[in-house]
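Every letter in the sequence shown is one number past the one before it in the numbering used here, and letter 63, counting from 1, is 65.
Note that the Cβ used here is the ideal one computed from N, Cα and C, for glycine as well.
Computed from a predicted structure; not experimentally measured.
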Amino acid sequence: MIKFFFTTVLCCSVFFITGCSVFSGLDEPEPIYISTILSAGEHANPSKLSTANPVVIKLYQLNSIDTFKSAQALDLYQQDTRVLADSLIKKKTLTSLIPKEKRKLNIELLSGTKYLAVFVQFSNYSQAKTRAWLDVSNLDDIKNITISIDSLTVNIQSIEQESFWSW
Numbered sequence: 003m004i005k006f007f008f009t010t011v012l013c014c015s016v017f018f019i020t021g022c023s024v025f026s027g028l029d030e031p032e033p034i035y036i037s038t039i040l041s042a043g044e045h046a047n048p049s050k051l052s053t054a055n056p057v058v059i060k061l062y063q064l065n066s067i068d069t070f071k072s073a074q075a076l077d078l079y080q081q082d083t084r085v086l087a088d089s090l091i092k093k094k095t096l097t098s099l100i101p102k103e104k105r106k107l108n109i110e111l112l113s114g115t116k117y118l119a120v121f122v123q124f125s126n127y128s129q130a131k132t133r134a135w136l137d138v139s140n141l142d143d144i145k146n147i148t149i150s151i152d153s154l155t156v157n158i159q160s161i162e163q164e165s166f167w168s169w
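Structure below.
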């Protein structure tokens, strides 16, 4: 009788342990990461007092780009989450990037993200190109991106992966 009890408990334990491992994680898609290089030029963010200054960068994951494109720079600076509420999936404010700095960053794209958008807080925002965006809806083509800041301009672009087939 005791042998039967231990055999039953052992079989049930094995069933529950394997059952939990089989069903865990089926609903969650695997996270997608984009390797990002941030770089600020020697004369990034010039002002009347200095030829270069640090900048604050905000990264947005959006499901639509229209509101971001049409928003005023001051509105994005003061109330970005309210302005972008209908399309905002995630917002991340980075620590200041100083002139001549390069930084690597891994961005986890959340489900539903179609655009990766960047807003840079330049000291002379009225004369600057404060924003840029990249369509990330086709991730097969995008694995690495660069965000570069030079003078009063921000740019974002994908870096094409070199094929191991070289012709």
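Grouping DSSP H, G and I as helix and E and B as strand, with all else coil, what is residue i?
i	result
glutamine 81	helix
lysine 102	coil
glutamine 123	strand
serine 160	strand
leucine 76	helix
lysine 71	helix
Just list the residues that DSSP pairs residue i with in beta bridges.
i	result
threonine 95	Lys60
asparagine 65	In the DSSP output, where bridge partners are listed per residue, asparagine 65 has none listed.
asparagine 108	Ser37
asparagine 146	Ser37 and Ile161
lysine 131	Thr155
leucine 136	Leu118
leucine 90	Leu64
alanine 42	Ile151
Restricting to Cα atoms, I'd like to know which of the options is closest to residue i.
i	options	result
leucine 78	Asn146, Asn157, Ser128 and Tyr35	Ser128
leucine 1	Thr155, Ser49 and Pro56	Residue 1 falls outside the range modelled here, since the chain spans only 3 to 169, and no answer is possible.
valine 138	Asp152, Leu40, Gln63 and Ser52	Gln63
valine 58	Gln123, Arg105 and Lys116	Gln123
alanine 42	Ile161, Glu162 and Leu154	Leu154
leucine 2	Gly114, Asn140 and Lys145	The question about residue 2 has no answer here: the residues shown for the chain are numbered 3 through 169.
leucine 103	Gln159, Tyr35, Ala54 and Ser37	Per the sequence presented here, residue 103 reads as glutamate, with leucine not at that position. Comparing Cα-Cα distances from glutamate 103 to each of Gln159, Tyr35, Ala54 and Ser37, the minimum goes to Ala54.
valine 120	Glu110, Asn157 and Leu112	Asn157
What does the Cβ neighbour count give for residue i, buried or exposed, with the cut at 16 atoms within 10 Å?
i	result
asparagine 47	buried
proline 101	buried
serine 89	buried
alanine 87	exposed
tyrosine 117	buried
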